[in-house]
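Report on the following structure.
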Amino acid sequence: MASETLSHSGRGRRGSLIAVACVALGVAVTGCASSAHDGAADRPGSTASGVPNAVAGLTSTPTAGPQDDTSQASTQQKLPKGASTAIPSDPLASSAVVPVERSGRKVRPSISAIGGARPFTQPVEYADGLRLRITRMTQSKVTGQGPGVFPGRPVTDFYVTLTNGTKKPLSFDAVVVTVSYGSPARLAHLVYDQNSVDFASTVQPGKSGNAVYGFSVPAADLSQVTMTVDLDGLHQLATFRGKVT
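Structure (structure tokens):
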């Protein structure tokens with residue numbers, strides 16, 4: 001992806017996992033994401049989310065990281081004379097990611113994730129049959145010009161598949177995704193581009209939904225990454241931790 005926990009909740013259009021890159025660790029939790037978008041372009045969206053998703057709640061918006069970089073939509077803009085092109089430091093992540101508030105209320109997810117945090121190569125499975133996995137990850141760089149856009153910023157795109165193994169339709173229109181990296185942990189910058197996609201609002205039993213979330217993780221820290229997905233306030237947070245390829 002070429003644009004940028006804590007909350008990319010999911011982005012079907014271009015598409016809330018609110019990258020919570022808002023919720024700790026990206027606390028952006030995909031619902032908790034805590035940063036403002038860098039670019040002026042609309043955030044990708046799909047019929048489902050709106051998180052700054054990823055964290056900052058994506059209201060099904062993909063995650064939200066420190067700031068979104070909608071570089072592709074800013075390719076025709078020019079930087080003001082004297083404007084800095086230096087990439088700012090990402091903020092420190094909180095010590096723990098917590099579920100984002102929904103409808104103005106705190107939630108207490110009761111459906112447990114089996115086995116706790118998983119490597120990026122293994123799925124997170126829930127007691128009710130729901131399954132979440134990272135199908136692949138790709139590396140690229142931000143392109144384009146304009147206020148809030150930093151050409152050359154690294155981008156990791158996470159391709160996420162959610163399979164509904166329960167017996168009823170499940171809504172994922174407010175997924176919040178959060179991504180953090182390094183030590184001490186810092187919140188990864190959320191990036192949006194033509195690859196960004198949020199989960200569809202509803203996934204029927206036996207069916208799967210796909211989303212793509214982009215975050216800027218320095219190459220030197222790809223071996224130490226944590227991604228947290230806040231799905232719906234009912235399921236506990238899904239956590240992936242380890243090396244990103």
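Mapping of the sequence shown onto our numbering: position 214 corresponds to residue 214, and the numbering continues sequentially without gaps.
Glycine included, C-beta positions come from ideal geometry on N, C-alpha and C.
Distance between Val155 and Ile111, taken at the CA atoms: about 32 Å. The DSSP-derived three-state label of Ala113 is strand.
Beta-bridge analysis with DSSP links Leu132 to Val124 and Leu162. Look at Ala219 here: in three-state DSSP terms it is helix. By a beta-carbon distance limit of 8 Å, Phe150 does not contact Val244. Their separation comes to about 20 Å.
Boundaries of the beta strand (DSSP E) around Arg241: Ala238 to Gly242. Leaving aside the five residues that flank Asp90 on each side, the residues in its chain whose CB is nearer than 7 Å to its CB run, in chain order, Pro66, Arg186, Leu187, Ala188 and His189. DSSP, reduced to helix, strand and coil, places Asn195 outside both helices and strands of the structure shown, so it counts as coil. Shown here, Ala211 sits in a strand according to DSSP, grouped into three states.
Taking all protein chains shown into account, Ser201 has 16 or more neighbouring C-beta atoms within 10 Å of its C-beta and is therefore buried. Where Val176 is concerned, the enclosing beta strand (DSSP E) starts and stops at Val176 to Tyr181. In the structure shown, Thr143 falls within a coil segment according to DSSP collapsed to helix, strand and coil.
For Asp230, the enclosing beta strand (DSSP E) begins and ends at Val225 to Asp230. Judged by their CB atoms, Phe158 and Val175 are not nearer to each other than the 8 Å cut-off. Taking the CA atoms as reference points, Gly206 sits about 43 Å from Pro88.
Per DSSP, the beta bridge partners of Thr156 are Gln139 and Phe215. In this model, Leu234 and Gly242 are separated by some 25 Å (Cα to Cα).
Taking all protein chains shown into account, Thr228 has 16 or more neighbouring C-beta atoms within 10 Å of its C-beta and is therefore buried. Selection Thr239, Ser140, Gly129 and Asp128 evaluated against Val217 yields Ser140 as nearest (Cα-Cα). Spanning the alpha carbons of Gln122 and Gly116 requires a straight line of approximately 11 Å.
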